[in-house]
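Quick mapping for you: the protein sequence lines, in order, are chains R and H.
Per this note's numbering, residue 1 is the first one in the first sequence, and the count goes up by one each step.
Per this note's numbering, residue 1001 is the first one in the second sequence, and the count goes up by one each step.
Note that CB positions come from ideal geometry on N, CA and C, so glycine has one too.
Fair warning: this is a prediction, and the values are worked out from it, not measured in the lab.
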Amino acid sequence: MSAAQIEFDRVTKRYPGREGDAVHELSFVVPAGAFCVLVGPSGGGKTTALKMVNRLVPFDSGDIRIDGRSVRDLAPVDLRRGIGYVIQQVGLFPHMTVGENVATVPRLLGWSRTRTRERTTELLELVGLDAADARRYPAELSGGQRQRVGLARALAADPPLLLMDEPFGALDPITRLRLQTELRRLHREVGKTVIFVTHDVDEAISMGDRIAILRQGGVLAQYDTPDAILAQPADEFVAEFVGEDRALRRLALRTLGEVPLEPATDAEGAPRLTRDTTVRNAVSRMLEAGVDRVVVADRDGKELGVFRLHDAAELL
Amino acid sequence: MIRLAAGGPVIPNFGHGSACVTGDHVFCFDWVRAHWSDTLEPALVQHVELTGIAVGIGFALAFALGLAAHRLRGIEHPVGITAALLYTIPSLALFQLLVPLTGLTWTTIEIALVGYTLVILFPNVVAGLRAAPPDVLEAALGMGLTRRQVLWRVELPLAVPAIVGGLRIAVVSTISIGTIAAFLGKYGLGYPIFLALKEPTPFKTEIYSAGALAVMLALACDATLILLRRLLAPWAAKRLA
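What follows is the structure, given as structure tokens:
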């Protein structure tokens, strides 16, 4: 359980022969243990920003600090061994078994055989794979399984920071949703700082507790919590990017269990919903059923209260 | 009949053997049995040596040049073109070109055979080293492998199927081209064939048996290399079950 604070300090990058900056004077701080999503249209420099953290892309000016220490203070190889890295195409080594893939960084760090093996087994279980899968080759796995292995491999040496570059971009929607849910659970369990790149605003809102929206030219348009960004987009660009249904998206961030309820009176015939239903879905159910209230119950069926349509408006 | 050892004027074989041999039938096993140890076996052993040395040196050179070309992209084309030009020279002509330099010797033959091996193997080594997918290389660097570790732990293992594929072609061609070495001297499985062909009536069994040995040698080497690839790259045969 360790996490690092990441600080971007006026970082600028220009690719030779390219017009304009890829990343321009980028400054923001990711608190230790936060799940920070970099999102924006293509050309926004989000992948470039990510790769500057582990120095796969060198930056021209400014600095990036991990727990106050500049990434330039370490040799790139040592820096990278201390940072988990997950990419869209996974990049598993085809000639190594799943177990060997996961053991890559522990081996580079010179861990003992026993410790490495124990860690591998533990990680495969953590990402929802069988210990027996350790002996299989990547070619024998499905896309979703491969990305699970990619995640296990990135977590192997227990790095305080995880960089993820569109990790679920190549997966089918069902697998993607499942892995998103599991990554959120995993993030709560292992408590690492995550920087996650996506071009999908829905993914950004559902995954991040901080979102950095980058626009063309690698300029930071807004950096805040999903709720704050949806409530108060900094400008036209952000407003358009997060979508006209941003009010509904905000409602999707909260569940009925998290909002104030009124005593369950006068609720005859109202639909019953569980407390983990999102407010957005509750609103949808009310509109569908043509009613103005729902009864909220916990998983055992005990009534907790009533939530009305106009309560939803007050949450915004 | 101890041709390989004596090398003097060739005395025709007819009249001393069985009816099969005297009549020069299609294939006489008794001749093969009688001359296995004085003709065929030494020729086979020599052929294995000829091939082994040529492929060994050729592989070492191709490997070194391939690694260099992988690191310094600039030298790939010059080496590749030189090698390809070399390959277009007919074997016999190449042997003749080398004779003024190195004489009618084993060295001449080996130089030519090493050259051919190099031509076949070099592009395979280079292509093999390039076979590592970009995402695999990015992940390798991103996890903190050094350039050297990427080469030895990722690029080379992934190049094994291509390199062994090149070796298979190189070995089989060298065994085949090696029979032409008999034009230069008393070397290899080509020599019994060469001798038989010089007779007014070529003795069929001698040609066939030496030829068959060359084919069997090639097949055996090929099978060995296929096994080697399975051993070194078991992953290459795996697919989603």
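Residue 1128 of chain H: member of the alpha helix (DSSP H) spanning 1106 to 1129, first to last residue.
Counting the other Cβ atoms within 10 Å of the Cβ of residue 1206 of chain H gives 16 or more, which makes it buried.
Under the DSSP assignment, residue 1040 of chain H falls outside any alpha helix (DSSP H); it carries neither an H nor an E label.
A Cβ-Cβ contact shorter than 7 Å links residue 1046 of chain H with residue 1187 of chain H. In the three-state reduction of the DSSP assignment, residue 8 of chain R falls in the strand class, which pools E and B. With respect to chain R, the C-beta atom of residue 1135 of chain H has a partner C-beta closer than 7 Å. Contacts between residue 91 of chain R and chain H, judged by CB atoms closer than 7 Å, involve 1135, 1136, 1138 and 1139 in chain order.
The beta carbon of residue 26 of chain R does not come within 7 Å of any beta carbon belonging to chain H, so the residue lies off that interface. Going by DSSP, residue 211 of chain R is part of no alpha helix (DSSP H) but of the beta strand (DSSP E) stretching over 210 to 215. Taking the Cα positions, residue 153 of chain R is about 8 Å away from residue 84 of chain R. CA-CA distance, residue 1063 of chain H to residue 1148 of chain H, rounds to 16 Å. By the 16-neighbour rule on beta-carbons within 10 angstroms, residue 87 of chain R is buried. One Cα belongs to residue 1075 of chain H, the other to residue 1066 of chain H, and the distance between them is close to 9 Å.
Contacts with chain R (Cβ-Cβ distance below 7 Å) from the stretch 1217 to 1229 of chain H involve no residue at all. When DSSP states are grouped into helix, strand and coil, residue 1201 of chain H belongs to the coil group. For residue 27 of chain R, there is no enclosing alpha helix (DSSP H); the residue is found in the beta strand (DSSP E) stretching over 23 to 30. Cβ neighbours of residue 47 of chain R within its own chain (closer than 7 Å, five residues either side excluded): 165 and 197. By the C-beta criterion, the stretch 101 to 115 of chain R is judged not to be in contact with the stretch 33 to 50 of chain R, since fewer than 3 inter-stretch pairs fall below 8 Å. By the criterion of at least three beta-carbon pairs nearer than 8 Å, the stretch 266 to 279 of chain R is in contact with the stretch 288 to 299 of chain R. Under the three-state reduction of DSSP, residue 200 of chain R is assigned to coil, being neither helix nor strand. Think of a sphere of 8 Å around the beta carbon of residue 85 of chain R: the chain H residues whose beta carbon falls inside it are 1139, 1142 and 1143, in chain order.
Each of R/189, R/190 and R/213 was checked against the Cα of residue 200 of chain R, and the nearest Cα belongs to R/213.
For residue 1154 of chain H, the chain R residues whose Cβ falls inside 7 Å of its Cβ are 93, in order along the chain. In chain order, 168 place their CB closer than 7 Å to the CB of residue 176 of chain R, counting only its own chain and leaving out the 5 sequence neighbours on each side.
For the 7 Å CB-CB criterion, residue 91 of chain R and residue 1215 of chain H do not form a contact.
The three-state secondary structure of residue 295 of chain R, taken from DSSP, is strand. Here residue 1099 of chain H is exposed, its C-beta having fewer than 16 other C-beta atoms within 10 Å. Separation of residue 216 of chain R and residue 42 of chain R (C-alpha to C-alpha, rounded to the nearest whole angstrom) is 8 Å.
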